[in-house]
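Enquirer: Sequential numbering of the sequence shown, starting at 1, is according to the numbering used here.
Beta carbons are placed, not taken as given, at the ideal position from N, Cα and C, and that holds for glycine.
Computed from a predicted structure; not experimentally measured.
Pasting in a structure now, in structure tokens, and then I'll have a few things to ask.
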Amino acid sequence: MNYFFAVCGIVASLMFTGCDDFFAPDTDDTLAADDYISTLTEVYTGYIGIITKLQAVGDKSIYLTDMRGDLLEPTETSSSELIALYNYNASLEGNPYADPAGYYEVIIACNDYLDNLRTFRKEKPELVNDERFDAIESLTLRVKVWAYLTLAEIYGQAVWFDDSMLQIQDLTDTSKFKLMSLDEIVDKCMDLLDNGDASTDFINGKLTFSWYEWLDPETALADSDYRYWDYMTPPYDGLMAKLCLWKGASLQGAGRYEEARKYYQMCVDLMQEALNTVISDESKNYYYLPTAATPGNYARLWDNPEPHAREVVCAIIYDYKRNQTNHLLYHFSSEYPNKYLLRPCMDIVEGRLENNAFNPGYSADKRPSVICAGRGGKPFLAKYRPIGSTRRPDPFQDDVHIYLFRATEYHFFLMEALNALGRFSAADALLNAGIKEDHFVKNADGDMDKDEDGYGTPIAGFEGFNNDWTSQASWGTRKYPHMGIRGCFGLTNRKMNLSSDISDDESNLMELMRENDLAILDEELIEFAGEGKVYPCMIRVARRWGNGAYDASIISERVAPKYGADAPEMKAKIESQFFVPWDLKLR
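Set out below in structure tokens:
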């Protein structure tokens, strides 16, 4: 008989009874199944329990994927479990870093909450605001989708189930449990986001909701802790855009490019709408854009008491004063009492991030100094707290927020999709010099031709962008116009093929597209270093160019160099084991 991991019996944190417990979870609690949601208070404190589970795994993908990625290496004080990840050991049984249990706890918490919420709605309809409760179910669905997509990106598979579980379950019941591949998980998640299912009363994942507006509307937004709650649920547009990129990569890799284009276009539409909505808000002059203000604010994205407003789309938030922490400083900081278990590989920092061949014009780039500090002594990943931080003055204050989605990530999603559609010049503008006035139609006088609302018409290839990205915004002069991912730092352009390079018969389209895809990926190695985001990007690009499988050389060429003399041996390991091996014991 096959049994699900013991984690299925633990649905911690769902028995909260007051808002004060939000930042003080006890992950060893178990659910009181007979008396769970019985009041409106328990409706929102139950959701807090889900977020608490999310907080518990917030930093997990950073250790699990970046240790196997292109930058991080173990220190002299590292643990055997981390070294096993670094060495691509084939067996990771008993390794707490590799164990997927925490992600399944998130899923179990979502399933249980949805089940109890439906019961509450049926038994106490007089207390139910349908619009509000529909939205809460929609939020819960999105957390579940995030957990499944994360599992699939890391392990290449996951066990799907919708049942509420309070005890160890027999996995031989295939009507309840199904082992799915990454491709199957992507399809299931896309369908769930768009249509819902019986577990959500067919409520989809598109509904919006503000905890602040429900629970604390009388308090000024800047003074309300509830504004943080709205940061913590993964957004529909970010989840669906990433799923579309995975779906497109799978189809394209299987030789079905015309089918893949549909999903790339969906990603473009989602990202342009999400970005344009914020960028066209005159009051948010440098939000969601890489601009001249970016270099001076880059380190503050993490070394700040809360997520940076210009960059945050979704973030997991912690509060040391309320006993809510992660383990980022414990792993990365070289200051006592932290353990300094992981560090950037200096050969990669100096030979790649600070090398003109890989990062043209690198001397102007502010990012390498944020990625790696302590050069003369103990090099450490400085994103999460540079030594001497005034925001977190104590090295044990391990409560830095973790971005699930950044605005810059939306730019990369858009860039990847535009490139996959053959819109090379627009992708180049996003990466290098920015969306400019020249990307809009001019009148006879050579000025931007604007309509009565102040909007110009984008030239061919730049459809979907508006001139609010530029200095000539619809409302007047924009102080901080878009400058591109590299342009905002004053860097030399990364080589990208342009739309004009495509031959008349498009015979070179795929070759040019692949070159651009790899250029975008190389920029992601810098931008998202140490954030748990890079390795899944490498796998997705490998999928797109794998001819029905994975071109794992795309991964190994970027990861193996950090192993120095052992690179040839590690190359073979990486190419055969880019998904984390974990035995689910389903036999």
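Over what stretch of residues does the beta strand (DSSP E) that includes residue 354 continue unbroken?
Expert: Start at 1 with the first residue of the sequence shown, and residue 354 comes out as number 354. Counting along the chain, residue 354 falls outside any beta strand (DSSP E), and DSSP gives it neither H nor E.
Enquirer: Among 344, 222, 229 and 407, which one has its Cα closest to the Cα of residue 301?
Expert: Start at 1 with the first residue of the sequence shown, and residue 301 comes out as number 301. Here the closest residue by C-alpha is 407.
Enquirer: Should residue 511 go down as buried or exposed, given a rule of 16 or more other Cβ atoms within 10 Å for buried?
Expert: Mapped onto the sequence shown, residue 511 falls at position 511. It is exposed - the Cβ of residue 511 has fewer than 16 other Cβ atoms within 10 Å.
Enquirer: So what's residue 223 in DSSP terms, helix, strand or just coil?
Expert: What you label residue 223 is simply residue 223 of the sequence shown in a count that begins at 1. In this structure, residue 223 counts as helix in the three-state DSSP scheme.
Enquirer: Taking C-alpha atoms, which residue in 353, 289, 369 and 503 lies nearest to residue 429?
Expert: Within the sequence shown, residue 429 is the residue found at index 429, counting from 1. Comparing Cα-Cα distances from residue 429 to each of 353, 289, 369 and 503, the minimum goes to 289.
Enquirer: Just curious, the beta strand (DSSP E) that residue 342 is in, first and last residue?
Expert: The residue given as residue 342 occupies position 342 in the sequence shown. Element bounds for residue 342: 342-344.
Enquirer: Mind reading off the beta-carbon distance from residue 335 to residue 387? Whole number of angstroms is fine, and I expect it under 8 Å.
Expert: Here residue 335 is taken as the residue at index 335 of the sequence shown, counted from 1. Here residue 387 is taken as the residue at index 387 of the sequence shown, counted from 1. That pair is a contact at about 6 Å.
Enquirer: Leaving out five residues on either side along the sequence, give the residues of the same chain with a beta carbon under 8 Å from the beta carbon of residue 577.
Expert: In the sequence shown, counting from the first residue as 1, residue 577 sits at position 577. Excluding positions up to five away in sequence, the list reads 88 and 90.
Enquirer: Could you tell me the boundaries of the alpha helix (DSSP H) in which residue 379 lies?
Expert: Mapped onto the sequence shown, residue 379 falls at position 379. That residue, residue 379, is in no alpha helix (DSSP H); it is neither H nor E in DSSP.
Enquirer: For residue 209, which beta-bridge partners are listed by DSSP?
Expert: As a working note, residue 209 is residue 209 in the sequence shown. Per DSSP, none; premise fails for residue 209.
Enquirer: Between which residues of its own chain and residue 356 is the CB-CB distance below 7 Å, once the five residues before and five after are set aside?
Expert: Numbered from 1 along the sequence shown, position 356 holds the residue referred to as residue 356. Closer than 7 Å at the Cβ level, and outside the excluded window around residue 356, lie 362.
Enquirer: Which term fits residue 35, buried or exposed, when burial requires 16 or more other beta carbons within 10 angstroms of its beta carbon?
Expert: The residue given as residue 35 occupies position 35 in the sequence shown. Here the model assigns residue 35 a pLDDT of 43, short of 50, so the residue's position is not dependable and the matter cannot be decided.
Enquirer: In angstroms with no decimal places, state the Cα-to-Cα distance between residue 179 and residue 101.
Expert: As a position in the sequence shown, residue 179 is number 179, starting the count at 1. As a position in the sequence shown, residue 101 is number 101, starting the count at 1. Cα to Cα, the separation comes out at about 15 Å.
Enquirer: Under a three-way DSSP split, which group does residue 180 fall into?
Expert: For the purposes of this step, residue 180 is taken as residue 180 along the sequence shown, with counting starting at 1. Residue 180: strand per DSSP, three-state reduction.
Enquirer: At the level of alpha carbons, what is the spacing between residue 343 and residue 381?
Expert: Start at 1 with the first residue of the sequence shown, and residue 343 comes out as number 343. Start at 1 with the first residue of the sequence shown, and residue 381 comes out as number 381. Cα-Cα distance, rounded: 6 Å.
Enquirer: Tell me where the beta strand (DSSP E) around residue 406 begins and ends.
Expert: Position 406 of the sequence shown, counted from the first residue, corresponds to residue 406. Here the beta strand (DSSP E) through residue 406 covers 402-406.
Enquirer: Are at least three pairs of beta-carbons, each pair with one atom in the stretch 452-467 and one in the stretch 486-497, less than 8 Å apart?
Expert: no
Enquirer: Within 8 Å, do at least three Cβ pairs link the stretch 261-270 to the stretch 232-251?
Expert: yes
Enquirer: Within 10 angstroms of its Cβ, does residue 70 collect 16 or more other Cβ (buried), or is it exposed?
Expert: Stepping through the sequence shown from its first residue, residue 70 is reached at position 70. Classification for residue 70: buried.
Enquirer: Is residue 583 buried or exposed, if buried means 16 or more other CB atoms sit within 10 Å of its CB?
Expert: Indexing the sequence shown from 1 puts residue 583 at position 583. Exposed, because fewer than 16 other Cβ atoms sit within 10 Å of the Cβ of residue 583.
Enquirer: Taking all protein chains shown into account, do 16 or more other C-beta atoms lie within 10 angstroms of the C-beta of residue 167, making it buried, or fewer, making it exposed?
Expert: The residue labelled residue 167 in the question sits at position 167 within the sequence shown. Summary for residue 167: the model assigns pLDDT 49, below 50, so the residue's position carries little reliability; its value from the coordinates is reported in the next sentence. By the neighbour-count rule (16 or more Cβ atoms within 10 Å), residue 167 is not buried but exposed.
Enquirer: Rounded to whole angstroms, what's the CA-CA distance from residue 156 to residue 540? Just pull it up for me.
Expert: To locate residue 156, count along the sequence shown from 1; it is residue 156. To locate residue 540, count along the sequence shown from 1; it is residue 540. Inter-residue distance for residue 156 and residue 540 is about 11 Å (C-alpha atoms, whole angstroms).
Enquirer: Which stretch, first to last residue, makes up the beta strand (DSSP E) that contains residue 106?
Expert: Counting from 1 along the sequence shown, the entry for residue 106 is found at position 106. Taken as a continuous stretch (DSSP letters only), residue 106 belongs to no beta strand (DSSP E), being part of the alpha helix (DSSP H) at 101-123.
Enquirer: Helix, strand or coil: which one does DSSP assign to residue 11?
Expert: Looking up residue 11 in the sequence shown gives position 11. Residue placement at residue 11 is flagged as unreliable, the pLDDT there being 36, under the threshold of 50; the coordinate-derived value follows with that caveat. Of the three classes helix, strand and coil, the one that applies to residue 11 here is coil, per DSSP.
Enquirer: Which residues mark the beginning and the end of the beta strand (DSSP E) in which residue 316 is found?
Expert: Mapped onto the sequence shown, residue 316 falls at position 316. Element bounds for residue 316: 312-316.
Enquirer: Below 6 Å CB to CB, which residues in the same chain sit around residue 450 once its five sequence neighbours on both sides are set aside?
Expert: Your numbering for residue 450 matches position 450 in the sequence shown. Excluding positions up to five away in sequence, the list reads 456.
Enquirer: Starting from the C-beta of residue 501, find all residues in its chain whose C-beta is less than 8 Å away, skip the five residues before and the five after it, and write them out in chain order.
Expert: As a position in the sequence shown, residue 501 is number 501, starting the count at 1. Excluding residues within five positions, the ones whose Cβ falls inside 8 Å are 424, 508 and 512.
Enquirer: In whole angstroms, what is the alpha-carbon distance linking residue 398 and residue 422?
Expert: Along the sequence shown, one-based indexing puts residue 398 at 398. Along the sequence shown, one-based indexing puts residue 422 at 422. Near 44 Å, if we compare the C-alpha coordinates of residue 422 and residue 398.
Enquirer: Ignore the nearest five residues each way along the sequence and tell me which others in residue 475's own chain have a CB closer than 7 Å to its CB.
Expert: As a first step, residue 475 is located in the sequence shown; it is residue number 475 there, counting from the start. Excluding positions up to five away in sequence, the list reads 282 and 454.
Enquirer: At what residues does the beta strand (DSSP E) containing residue 368 begin and finish?
Expert: Looking up residue 368 in the sequence shown gives position 368. From DSSP, residue 368 is part of no beta strand (DSSP E) but of the alpha helix (DSSP H) over 367-371.
Enquirer: Can you give the beta carbon distance from residue 545 to residue 494, rounded, assuming they're within the 8 Å contact cut?
Expert: Here the question's residue 545 lines up with position 545 in the sequence shown. Here the question's residue 494 lines up with position 494 in the sequence shown. Incorrect: roughly 19 Å between the Cβ atoms, too far for contact.
Enquirer: State the Cα-Cα distance for the pair residue 415 and residue 106, rounded to the nearest angstrom.
Expert: Within the sequence shown, numbered from 1, the residue matching residue 415 stands at position 415. Within the sequence shown, numbered from 1, the residue matching residue 106 stands at position 106. Their Cα atoms are separated by approximately 31 Å.
Enquirer: Measuring only the C-alpha atoms, how far is residue 445 from residue 478?
Expert: Locating residue 445 in the sequence shown gives position 445, counting from the first residue. Locating residue 478 in the sequence shown gives position 478, counting from the first residue. About 21 Å.
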